[in-house]
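Please read the structure below before turning to the comments.
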Amino acid sequence: MSQGLRSALSAVLIVLACLLAPLGALSTWAMYGLGDPVRYEATMAPLAADADVRDAIAAGVTDGILREVHVRPRLQGPVDHFVRDAVRSFTETEAYRTAWQAANMAAHDAVMRALREDRDEAVTVDLAPVTEQVKRQLADDHMPLADRIPVEHTEITVLEAEDLAQLQKGFHVLEVAAVWLPVAAVVFALAGVLLAVGRRRAVFATGLGTASGAALLGAGIALGRRLTLADLPPDVSRTAAGAVYDALTDTLRLVSWGLLALGLAVALGALLTSAYARYRRASAARRQVPAEESTRVRA
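Numbering-wise (my numbering), the sequence shown opens with residue 161 and increments by one.
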C-alpha cells in the first residue's frame, strides 16, 4: 500500500473516531444514565431537597388544592396563607421525599415501558398518591378543610402519542449505539494510528480531535439547557427545570470534561515525545560531526 493511500485511510479513520467518541458518550449516557432505573433514582433523589424544585412543587400543589377548596371571601386570605405554609412545610418531610421518588419513578417506569413495548398511546402518570400524601399531612396539621380535599385519579401526560413513535425509533437506535459506538471509536482510533505513516502526528491528531469533540459535546449540553428552558410554558419554574436538567446531565458533563482532558493529554504527550525525538536526533547529529572532523584530521 502506498504511503499516500495509508495517510488518507489513517486520516479518515481518525476523523471517524473523533466524531464517534462524543456520540458514543451521549448514547451511553442516554441508555445507562437515564434509562437505568437505579441510576435515574439516584440522580433524582437529591432534587427533593433542592430549594427551587421544592418551591415549584409547593406552588403547583397549593394552586391545585385551592382550586378545589371553596370558602367565604373573608376567609380566603387566611386559608390561602395556611395552605401555602402547610404545603411548604410538607416539602421538608420524609413523606414528601417518598412521594417525590414515587412520582419520579412512576413517570420513568411509564416512559421506559412505553418505549420498549412499542405502545402507540400517550404515556400518563396518576398523581393521586401524591395528593393523598399532602391531604394526610394537612390533616395532621389540623387544617379544618383538609377532609374536603378530593383525592382523584389525576393523570398527567408525560409523552404525547404523536411524539412516541419517533422516540421509540430513537430508543432502539440508542440500544445499539450505546454498545457499538464507543467500541468503534476506540477501534478506529487505534487502526488510524497504526496505519499512519507518521504515528506521532496521528496520535497528536487523534488527541486534538477527541478534545475538540468533547468541547462540542459540552457546548451542546449548554445549548440544550438554554433551548429547553426557553421552550417551557410560562407557568413552569425555569430555575426548577434548570436544576432538574443539570442533575440529569451532570454525568454527561463529567464525561465531556474527561474526554477533553484525555484528548489534550494525548496531544500534549505526542508533542513532547516528538520534541524529545527531535532533540535526540539533533544531539546524535552534533556528536557525529566532530567525530567525522577528527577522522579527517588524523588522515
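Beta carbons: idealized from backbone N, C-alpha and C, even for Gly. It should be emphasised that the depicted structure is a prediction, and the values quoted were computed from it without experimental measurement.
*Where does the unbroken alpha helix (DSSP H) through G237 begin, and where does it stop?*
G237 -> alpha helix (DSSP H) spans P233 to F250.
*For H230, does the three-state DSSP call read helix, strand or coil?*
Looking at H230 - three-state DSSP - the assignment turns out to be coil, as it is neither helix nor strand.
*Using 8 angstroms as the Cβ pair cut-off and three pairs as the minimum, do the region 408-416 and the region 368-382 touch?*
Touching, yes, given that three or more Cβ pairs across the two stretches are closer than 8 angstroms.
*Determine the DSSP secondary structure at A356, reduced to helix, strand or coil.*
A356 falls in the coil class under three-state DSSP.
*What residue range is occupied by the uninterrupted alpha helix (DSSP H) comprising V175?*
Here the alpha helix (DSSP H) through V175 covers Q163 to T188.
*Coarse secondary structure for G195, derived from DSSP in three states*: Correct three-state label for G195: coil.
*Taking just the CA atoms, how far does A325 sit from A401?*
Straight-line Cα distance between these residues: approximately 25 angstroms.
_the region 334-352 in contact with the region 183-193 per 3-pair CB rule at 8 angstroms_ = As far as the Cβ criterion goes, the region 334-352 touches the region 183-193, which means the pair count is three or higher.
_Unbroken alpha helix (DSSP H) run spanning V404, endpoints_ = Looking at the DSSP string, the run of the alpha helix (DSSP H) that includes V404 is R398 to L408.
*asked:* Considering Cα atoms alone, identify which of R166, L186 and A168 is closest to A375.
replied: Ranked by how close their Cα comes to the Cα of A375, the residues R166, L186 and A168 have L186 in first place.
*asked:* Let's test the definition: count the other Cβ atoms within 10 Å of the Cβ of P394 and tell me whether it reaches 16, buried, or not, exposed.
replied: Burial call: exposed.
*Between the C-alpha atoms of R359 and P182, what's the straight-line distance to the nearest angstrom?*
Between the alpha carbons of R359 and P182 lies a distance of about 23 angstroms.
*asked:* Is it the case that the region 256-273 contacts the region 198-205, given that we only count it when at least three CB pairs across the two stretches are under 8 angstroms?
replied: Contact between the region 198-205 and the region 256-273 is present, with at least three C-beta pairs closer than 8 angstroms.
*Identity of the residue in R440, S397 and A421 nearest D215 by Cα*: Cα-wise, what sits closest to D215 is S397.
*For A356 and M204, believed in contact at Cβ under 8 angstroms, the rounded distance*: Incorrect: roughly 45 angstroms between the Cβ atoms, too far for contact.
*Do three or more CB pairs link the region 206-221 to the region 249-261 at distances below 8 angstroms?*
Segments in contact, yes.
_I'd like the list of long-range same chain contacts for R244, defined as Cβ closer than 6 angstroms, with 5 residues on each side in sequence excluded._
Cβ-Cβ distances below 6 angstroms link R244 to T222 in the same chain, with the five nearest sequence neighbours on each side left out; the list follows chain order.
_Q236 versus G373 - alpha carbon distance_ = Put simply, the backbone Cα of Q236 is about 57 angstroms away from that of G373.
_Suppose the cutoff is 6 angstroms on Cβ atoms and the five residues either side in sequence are ignored; what does the same chain contact list for G184 look like?_
So the qualifying residues of the chain are L341, P342 and A345.
*Which residue comes first and which comes last in the alpha helix (DSSP H) that contains A258?*
The sequence as given places Thr at residue 258; Ala does not occur at that position. In the DSSP annotation of this structure, the continuous segment of the alpha helix (DSSP H) that includes T258 starts and ends at E254 to E277.
_Secondary structure of D391, DSSP reduced to three states_ = Residue state, collapsed to three classes: coil.
*Report all residues from its chain with a CB closer than 6 angstroms to the CB of R446; omit the five preceding and five following residues, and keep chain order.*
Here the set comprises nothing.
*Measure from the alpha carbon of T409 to the alpha carbon of each residue in L173, L424, T388 and A421, then state which is nearest.*
Checking every option, the nearest Cα to that of T409 belongs to T388.
*Is T399 buried or exposed, if buried means 16 or more other CB atoms sit within 10 Å of its CB?*
The C-beta of T399 has fewer than 16 other C-beta atoms within 10 Å across all chains shown, which makes the residue exposed.
_Taking only three categories from DSSP, how would you classify D210?_
D210: coil per DSSP, three-state reduction.
_Own chain, CB closer than 7 angstroms to A351, minus 5 neighbours either side, in chain order_ = Short of 7 angstroms from the beta carbon of A351, and not among the five residues preceding or following it, lie these beta carbons of its own chain, in chain order: L173.
*Can you check whether the CB of A371 is closer than 7 angstroms to the CB of G423?*
Cβ distance < 7 angstroms, so G423 and A371 count as in contact.
*Below 8 angstroms on the Cβ atoms is my guess for L176 versus F348; work out the distance and round it to an integer in Å.*
Between L176 and F348 the beta-carbon gap is near 5 angstroms, inside 8 angstroms, which marks them as a contact.
*Answer with buried or exposed for A425, where buried requires no fewer than 16 other C-beta atoms within 10 angstroms of its C-beta.*
Under the 10 Å beta carbon count, A425 is surrounded by fewer than 16 other beta carbons and is classified as exposed.
*Apart from the five residues on each side of it in sequence, which residues of its chain come closer than 8 angstroms, Cβ to Cβ, to L207?*
Hits under 8 angstroms: V213, W260, A403, V404 and A407.
*asked:* Would L368 and A427 qualify as a contact pair, given that the criterion is a beta-carbon distance under 7 angstroms?
replied: For L368 and A427, yes; Cβs fall inside 7 angstroms.
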